[in-house]
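Asks: Count the sequence shown with the working numbering and you get residues 17 to 376, in order.
If you scroll down you'll find the structure; I have some questions about it.
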Amino acid sequence: MAAEEMIRRVWEEDQSGVRPTFFTAFLNVLSLPYRLAVASRNRLYDKGVFRQERLPCPVIGVGNLTVGGTGKTPTVILLANALRGRGLRPAVLSRGYGGNARTPVNIVSDGYRILVDWRQAGDEPLLIARMTPGVPVLTGARRSLTGAAALERFGADCLVLDDAFQHRALHRDIDILLVDATRPFGNGFLLPRGPLREAPESIRRAHVVILTGADRQVPEPPLIKTLSVPRFRGTHRPQALVEGDTGRLRSLTELRGQRLCAFAGIGRPEAFRQTLAELGTQVTAFKAYPDHHPYSRSDLDRLLLLAGQSGTDRLLTTEKDGVRLAAFPDFLPKVLFLRTGMEIQPAGTFTELIFSRLAY
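Written out as structure tokens, the structure reads:
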């Protein structure tokens, strides 16, 4: 079993029910220096020893406390399109995780053309660029540099930072924190023993909290109930099917009753599988890959073999996975992508809150 899969299994265990093993003990040891480093860094920012840089425009950060799967990318897309819909000139800044570009500022999209591929940009920035026409998307480790470039080159008047809650070097006017309603703090441990990127108490830095991954009946976690900041519910909502080769949109109703071979390399593949079940499909074969998995020809050959052996009607994956399949044009006609978006409730209240905080 690969180490990554072993770690994921540990993460899925409940804190109270973990059976100690040499592997979990080893992860505990590795978590200690990480916890100390994160706590020390946060303390230095809180005390003003480390100073935040400021840019001459409103800045919105979107992030989470745990690794993957809370809906940051669709929330960034929602915000960028909402800002542009109000006549503003937003730009999206991402670190570009998974991309191999090493220059300080990388232009993924100028708002009209996509200028790099996913291997350079990372799959999420490229997906954001595709879904936010008219919005420049830039990547780079130092957001103050990419932000300054967005202002100078594209005339941006507001910035949306993807995956930014832990990026404290740049001041944000609004910090939006997404929390999985069913497992808000994972198994309660920090990396690599658990999926937490910092201690749960860090949630108090957030200006807005969005609970995702469940319907309204799931109660708020006790720590979140104590917060005095606005709280909303966010739902990943399937929107359409996308043809792999043409990009043409098709109705979700086509999936009902279909036998599918589905696959996904995302933060929570099982959530994708559950979504397909809720759409009335029969998932007769399913293959999960690590998040941001770079597909190879052998991967696709095995998927086609699996689809044939399971007697499925079609292959289906996420639109994010589709970004990483662009290098295989012969495979694209054989696969559909599921497009999803983030719906935040109450929608009007959320939108007006964002604009009021930005003084627009």
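Heads up, the beta-carbon is just placed ideally off N, CA and C, and yes, glycines get one too.
1) Excluding the five sequence neighbours on either side, which residues of its own chain have a C-beta within less than 8 Å of the C-beta of Phe170, listed in chain order?
2) What's the C-alpha gap between Thr333 and Ile226?
3) Please report the distance separating the alpha-carbon of Thr239 from that of Lys336.
4) Can you tell me the Cα-Cα spacing of Pro362 and Arg249, whole angstroms?
5) Taking the CB atoms as reference points, tell me whether Leu95 and Asn122 lie closer together than 8 Å.
6) I believe Gly229 touches Thr86 by the beta-carbon criterion, under 8 Å. Please report the beta-carbon distance rounded to the nearest angstrom.
7) Considering only DSSP beta bridges, list what Leu186 is partnered with.
8) Since Ile123 is in the beta strand (DSSP E), which residue starts that stretch and which ends it?
9) Where does the unbroken alpha helix (DSSP H) through Lys241 begin, and where does it stop?
10) Given a threshold of 16 other Cβ atoms within 10 Å of its Cβ, counted over all protein chains shown, does Ser244 qualify as buried or as exposed?
11) Residues in the same chain with beta-carbon distance under 7 Å from Met17, minus the five sequence neighbours each way, listed in chain order, please.
12) Can you tell me whether DSSP reads Ala166 as helix, strand or coil?
13) Out of Ser56, Asp179, Arg284, state which residue places its alpha-carbon closest to the alpha-carbon of Arg158.
14) Would you call Thr82 buried or exposed, if buried means 16 or more other Cβ atoms sit within 10 Å of its Cβ?
15) With distances taken between CB atoms, is the gap from Pro254 to Thr356 smaller than 8 Å?
16) Between Pro246 and Thr297, what straight-line distance do the alpha-carbon atoms span, to the nearest angstrom?
17) Using only the alpha-carbon positions, how far apart do Tyr311 and Phe344 sit?
18) Assign Ala377 to one of three DSSP states: helix, strand, or coil.
19) Which whole runs of the beta strand (DSSP E) in the stretch 46–124 are 3 residues long or more, in chain order?
20) Since Gln290 is in the beta strand (DSSP E), which residue starts that stretch and which ends it?
21) Do Thr91 and Leu212 have their CB atoms nearer than 8 Å?
22) Span of the beta strand (DSSP E) holding Gly338?
23) Does the count of Cβ pairs from the stretch 278–293 and the stretch 257–270 closer than 8 Å reach three?
24) What separation, rounded to the nearest whole angstrom, lies between the Cα atoms of Lys303 and Thr242?
25) Do you know whose CA, among Arg67, Asp189, Thr198, lies nearest His223's CA?
26) My understanding is that Gly328 touches Leu295, with C-beta atoms under 8 Å, so please give their C-beta distance in whole angstroms.
27) Which residues in the same chain have their Cβ closer than 6 Å to the Cβ of Pro237, if we skip the five residues on either side of it in sequence?
28) With C-beta atoms as the reference, is Leu352 less than 8 Å away from Glu217?
Replies: Taking the geometry as given:
1) Arg105, Ala107, Asp126, Gly127, Pro152
2) 26 Å
3) Looking at the sequence itself, residue 239 is Leu, so the reference to Thr does not match. When rounded, the distance between both Cα atoms is 32 Å.
4) 8 Å
5) no
6) 7 Å
7) Glu69
8) That run of the beta strand (DSSP E) goes 122–125.
9) 238–241
10) exposed
11) Its pLDDT being 48, under 50, Met17 is placed unreliably in this model, and the value from its coordinates should be taken loosely. If we look at Met17 and ignore the five residues flanking it on each side, it has no Cβ neighbours.
12) helix
13) Asp179
14) buried
15) yes
16) 36 Å
17) 9 Å
18) Any answer about residue 377 is impossible in this case: the structure gives the chain only from 17 up to 376.
19) As far as the stretch 46–124 is concerned, its whole beta strand (DSSP E) runs of at least 3 residues are 75–80, 106–110.
20) First-last for Gln290: 285–294, but that is the alpha helix (DSSP H), not the beta strand (DSSP E).
21) No. Outside cutoff.
22) Per DSSP, Gly338 belongs to no beta strand (DSSP E); it is in the alpha helix (DSSP H), 335–339.
23) no
24) 40 Å
25) Asp189
26) Inspection of the sequence shows that residue 328 is occupied by Thr rather than by Gly. At roughly 15 Å, the Cβ-Cβ gap does not stay under 8 Å, so Thr328 and Leu295 are not in contact.
27) Pro200
28) no
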